[in-house]
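A.B. asks: So that we are looking at the same thing, I have put the structure below in structure tokens.
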Amino acid sequence: PLTTRSMLALLFAGLVGAVDPTITLNNGVKMPLVGAGTWQYNSTTAYQSVIDAISLGYTHIDTANDYKNQDGVGKALAQYNRTDFFLTTKIPGCSSPLFAKSCYTEAKTKMDEDLKLLGVDYVDLMLVHFPPIIPPGCGPENCKGIQEQWKAVEELYKANKTRAIGVSNYCQSCFECLKETLTVMPAVNQVEYHVGMGTDPIGLFSYCKELGVVMQAYSPLGNGSPELIHGELTTSIGEKYNKSSVQVALKWVVQGGYPVLTKSTNPKYLKDDITLFDFTLSDDDMKALNDATKPSGKPSFLCSS
């Protein structure tokens, strides 16, 4: 049964659910452009946020093994038809990349755990959450382990337990490593991306475009940056369209052609965050946002090239 809060979310929804734009991945799978994230939520909060998001018209839910909330996400999603939503989850980077074979077995274990906790037979997108942390990044010492982990992810895809596979926080060196042995190119690279970073930070976006990898933005508000939420640039542009500064920041991402993840425990904000397709930023406004240099950021916290 729907809670009072969920009923309020439905009232807020309006016609949002009628608009569900997608982007086509390199294997033909269509992924909704806007997704509801669950980072930093415990299982109880994640449960309610997912219920609210779906009530408001979201069809893309994003979680991860490291979020420790997949049971709550799965409990919420169990109330809906499996084909009515696009589900993304992630496995951590290999914990012992110097022992390459352990990366394969660890990945298999984590992916099985994801499916079990979510209570599903398959997900729509399985990501490797980040490169190895110790030692950090995708240097030669880690490459074999990274390749073994990706081999396990490819096997999940070939077993039809995920409709697409990808990575997160991967930069050029990580892809160069994968390319030596992969049989399936990642469909998505989920990275930090927001106004202030320019249109091609560290050359990664143009690099991935050449590979046919879709870039997806997390932290599109720069982890709650005042510059984006209250700053003069996004606020003044928003006034032209009767939109909030947050909507302007999110619109910049999707109008640039990139899927975006957002999140909130407030149904009103969730609704605002998906109401992005009833206006178009002018060329001048897009240029101003493209040229912004604050807040700064980088696509991956583990590597720079």
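Taking mature numbering (1 follows the signal peptide of the UniProt record, and there is no 0), I'd label the letters of the sequence shown as residues -18 to -1, 1 to 287.
Think of the CB as a built atom: it goes at the ideal place given N, C-alpha and C, for glycine as much as any other residue.
Treat the numbers as computed from the prediction; the structure is a model and nothing was measured.
1) Tell me which same chain residues have a C-beta within less than 7 Å of the C-beta of leucine 258, skipping the five on either side of it?
2) Can you look up phenylalanine 67 in the DSSP assignment and give me helix, strand or coil?
3) At which residues does the alpha helix (DSSP H) containing aspartate 124 begin and terminate?
4) Using alpha carbons as the reference points, say which of Pro122, Val110, Tyr152 lies closest to glutamate 136.
5) Expressed to the nearest angstrom, what Euclidean distance is found between the alpha-carbon atoms of tyrosine 189 and glutamine 154?
6) If you follow the alpha helix (DSSP H) that tyrosine 223 is in, where does it begin and where does it stop?
7) Which runs of the alpha helix (DSSP H) spanning at least 4 residues fall entirely within the stretch 53 to 102, listed in chain order?
8) Anyone know if the C-beta pair for methionine 197 and phenylalanine 187 falls short of 7 Å?
9) Please state whether DSSP places aspartate 44 in a helix, a strand or coil.
10) Skipping 5 residues on each side, what residues in its chain have a beta carbon closer than 7 Å to that of serine 201?
11) Are the stretch 262 to 282 and the stretch 159 to 166 in contact at 8 Å, needing three or more beta carbon pairs?
12) Within the same chain, show all residues whose beta-carbon is closer than 6 Å to that of glycine 194, passing over the 5 residues directly before and after it, in chain order.
13) Tell me whether tyrosine 104 sits in a helix, a strand or coil according to DSSP, three-state version.
14) Kindly indicate the opening and closing residues of the alpha helix (DSSP H) around lysine 12.
15) Can you list, in chain order, the residues of its chain with a C-beta nearer than 7 Å to that of alanine 141? Leave out the 5 residues immediately preceding and following it.
16) What are the start and end residues of each continuous beta strand (DSSP E) run of 3 or more residues lying completely inside the stretch 179 to 203, in chain order?
17) Since aspartate 96 and asparagine 47 are thought to touch, with beta carbons under 8 Å apart, how far apart are those beta carbons, to the nearest angstrom?
18) In three-state terms, what does DSSP make of glutamine 172?
19) Does DSSP put leucine 164 in a helix, in a strand, or in coil?
20) Could you round the C-beta distance between proline 113 and glycine 75 to whole angstroms and report it? I think they count as a contact, below 8 Å.
21) Quick one: what's got a C-beta closer than 7 Å to alanine 58's C-beta in the same chain, skipping five residues either side?
22) Which residues mark the beginning and the end of the alpha helix (DSSP H) in which valine 230 is found?
23) Quick one: using the 10 Å Cβ neighbour count with 16 as the cut-off for buried, is lysine 83 buried or exposed?
24) Please report the distance separating the alpha-carbon of aspartate 182 from that of lysine 191.
25) Please state whether DSSP places lysine 150 in a helix, a strand or coil.
26) What residues in its chain sit with their C-beta under 6 Å from that of leucine 160, if we drop five residues either side in the sequence?
C.D. replies: On the basis of the coordinates in this document:
1) The residues Val16, Gln229, Leu232, Lys233, Val236, in chain order, have a CB closer than 7 Å to that of leucine 258 in the same chain once the five nearest residues on each side in sequence are set aside.
2) coil
3) A small fix is needed here, since residue 124 is asparagine in this sequence, not aspartate. Here the alpha helix (DSSP H) through asparagine 124 covers 122 to 140.
4) Checking every option, the nearest Cα to that of glutamate 136 belongs to Val110.
5) 7 Å
6) Start and end: 214 to 223.
7) 82 to 100
8) yes
9) Residue state, collapsed to three classes: strand.
10) Correct list, in chain order: Glu174, His176.
11) Verdict: no, contact absent.
12) Asn8
13) coil
14) First-last for lysine 12: 12 to 14, but that is the beta strand (DSSP E), not the alpha helix (DSSP H).
15) Closer than 7 Å at Cβ, skipping near neighbours: no residue.
16) 196 to 200
17) 6 Å
18) Glutamine 172 falls in the strand class under three-state DSSP.
19) In this structure, leucine 164 counts as coil in the three-state DSSP scheme.
20) 5 Å
21) Tyr29, Val32, Ile33
22) Here the alpha helix (DSSP H) through valine 230 covers 227 to 237.
23) exposed
24) 11 Å
25) The sequence as given places serine at residue 150; lysine does not occur at that position. Correct three-state label for serine 150: strand.
26) Trp132
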